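Just so it is clear: in the sequence shown, position 303 is 1263 by the numbering used here, and no numbers are missing.
Working notes, structure below.
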Amino acid sequence: MTAEALKPKKKRFNTAYLFVGPYYAVFFTFVVVLIAISIALSLTYYDTINFPSWVGLENYVTLFTQDADFMQYALPTTIKYALIIGPGGYALSFFMAWVLAQLTHKVRTVVAIILYSPSLTNGILMSVIWKVVFSGDARGYLNYWLLSLGFINEPMQWLQDSTFIFGIMIFVGIWSSMSVGFLAMLSGILNVNKELYEAAYVDGMKSRWQEIFYITIPSMKPQMLFGAVMALVGTFNASGLASALSGSVPPPQYAGWLIVDHMNDYGFARFEMGYASAISVILLLVVLLFNRVATRLFGERKG
961 MTAEALKPKK
971 KRFNTAYLFV
981 GPYYAVFFTF
991 VVVLIAISIA
1001 LSLTYYDTIN
1011 FPSWVGLENY
1021 VTLFTQDADF
1031 MQYALPTTIK
1041 YALIIGPGGY
1051 ALSFFMAWVL
1061 AQLTHKVRTV
1071 VAIILYSPSL
1081 TNGILMSVIW
1091 KVVFSGDARG
1101 YLNYWLLSLG
1111 FINEPMQWLQ
1121 DSTFIFGIMI
1131 FVGIWSSMSV
1141 GFLAMLSGIL
1151 NVNKELYEAA
1161 YVDGMKSRWQ
1171 EIFYITIPSM
1181 KPQMLFGAVM
1191 ALVGTFNASG
1201 LASALSGSVP
1211 PPQYAGWLIV
1221 DHMNDYGFAR
1231 FEMGYASAIS
1241 VILLLVVLLF
1251 NRVATRLFGE
1261 RKG
């Protein structure tokens, strides 16, 4: 062997780090550091004025043993809301993305913008629109139609009755569920290799259902996973909708009271930032748990 071949090779700098470096810096600063601060504050009593005082796990013990509003309303309502809006909005997003994929380019673009635009609006702002529909007087659209058709004899207080508020929240949540995950699914469906469909029909595939379950979904698992994660994050981060609809904080009988509402109440109304941080940590753990389930369902299996 020559002397050149025996010389140790110099390691070359991977230029990919230059491209991912800014992302990692932003992610570390605004995600990792803030999560660490939240965990640290959750172990303290902090009223935003005095220096935080160490209380250990007292906030967590109080949250699960003494906070009835959290255990009876916020936690179960959030999980129920997420289990309905998450899978429901996710399935609707996939279905609408598949339908749009069958349309021509111009029509698909217009309809996609129409479906996507509600998700750009904050839930509280959307409630302003729906308060007109569900208004409790005879001028509310729903009451007007029901009175005109003779289904009711007097206006219904849709937004003040705790039995209706959660259902209205679900309706508004489904209506605005066509978010970034919907666009990712549409992109995934449009980029499935068309030759796979042709080969499958030659091999005996006979229906569109088989096409969806055996070709479309397996071919776009990354987009399906992305849509699932975005749906989970969106539903668990929802807040303020019930209060905005009903016009009161908290809403009647805590109907539609979510974890983020509970956290904001303690953090920005009662100024108990340590306790609010403990709630945020619990919410993070719940999201990570459901994210793990989504990854197992739609992630690529190794080996």
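Ideal Cβ placement from N, Cα and C applies to all residues, glycine included.
These figures come from a predicted structure and were not determined experimentally.
Cβ separation of residue i and residue j, assumed to be a contact under 8 angstroms, to the nearest whole Å
i     : j     : result
S1002 : V1241 : 5 angstroms
L1156 : I1175 : 5 angstroms
G1049 : S1137 : 3 angstroms
A1191 : V1220 : Contact flag wrong, Cβ pair sits at about 16 angstroms.
Residue i vs residue j beta-carbon contact at 9 angstroms
i     : j     : result
F1250 : F1186 : no
A1238 : L1218 : no
G1227 : A1236 : yes
S1079 : S1139 : yes
I1125 : S1206 : yes
G1141 : A1188 : yes
I1039 : V1253 : no
W1090 : I1045 : no
L1060 : L1043 : no
M1233 : D1007 : yes
P1211 : S1122 : yes
M1116 : N1151 : no
Y1041 : I1130 : yes
W1118 : L1102 : yes
L1244 : S1077 : no
Euclidean distance between Cα positions of residue i and residue j
i     : j     : result
Q1183 : F988  : 25 angstroms
V991  : S1108 : 53 angstroms
S1095 : I1134 : 20 angstroms
V1015 : T1004 : 5 angstroms
Q1170 : T1069 : 27 angstroms
N1224 : L1035 : 14 angstroms
D1027 : A996  : 24 angstroms
L1248 : L1085 : 28 angstroms
K1278 : S1208 : Outside the shown range of the chain, which is 961 to 1263, sits residue 1278, and nothing can be said about it.
Y1020 : V1193 : 23 angstroms
T1255 : F1173 : 18 angstroms
L1063 : L978  : 41 angstroms
N974  : A985  : 17 angstroms
H1065 : P1178 : 24 angstroms
G1164 : S1053 : 29 angstroms
A1229 : Q1120 : 23 angstroms
H1222 : L1257 : 31 angstroms
V1067 : M1031 : 47 angstroms
N1153 : P1047 : 27 angstroms
R1168 : A1160 : 11 angstroms
Q1213 : T1081 : 27 angstroms
L994  : A1000 : 10 angstroms
D1097 : Y1033 : 28 angstroms
V1092 : G1100 : 6 angstroms
L1017 : V980  : 37 angstroms
F1055 : T1025 : 42 angstroms
F1231 : R972  : 52 angstroms
Burial state of residue i, where buried means 16 or more other Cβ atoms lie within 10 Å
i     : result
N1010 : exposed
A1051 : exposed
W1105 : exposed
L1023 : buried
A1057 : buried
V1132 : buried
T1037 : buried
G1110 : exposed
A976  : exposed
A1204 : buried
Minimum Cβ-Cβ distance from residue i to chain B less than 9 angstroms
i     : result
E1171 : Judged by its chain identifiers, the structure shown contains no chain B, having just a single protein chain.
If we require 4 or more residues per run, which alpha helix (DSSP H) segments fall completely within the segment 1115–1195? 1122–1135, 1140–1150, 1154–1162, 1168–1171
Contained beta strand (DSSP E) runs [length at least 3] in the segment 1039–1094, N- to C-terminal order: none
Please give me, in chain order, every unbroken run of the alpha helix (DSSP H) with length at least 4 that falls completely inside the segment 1191–1233. 1201–1206, 1219–1224
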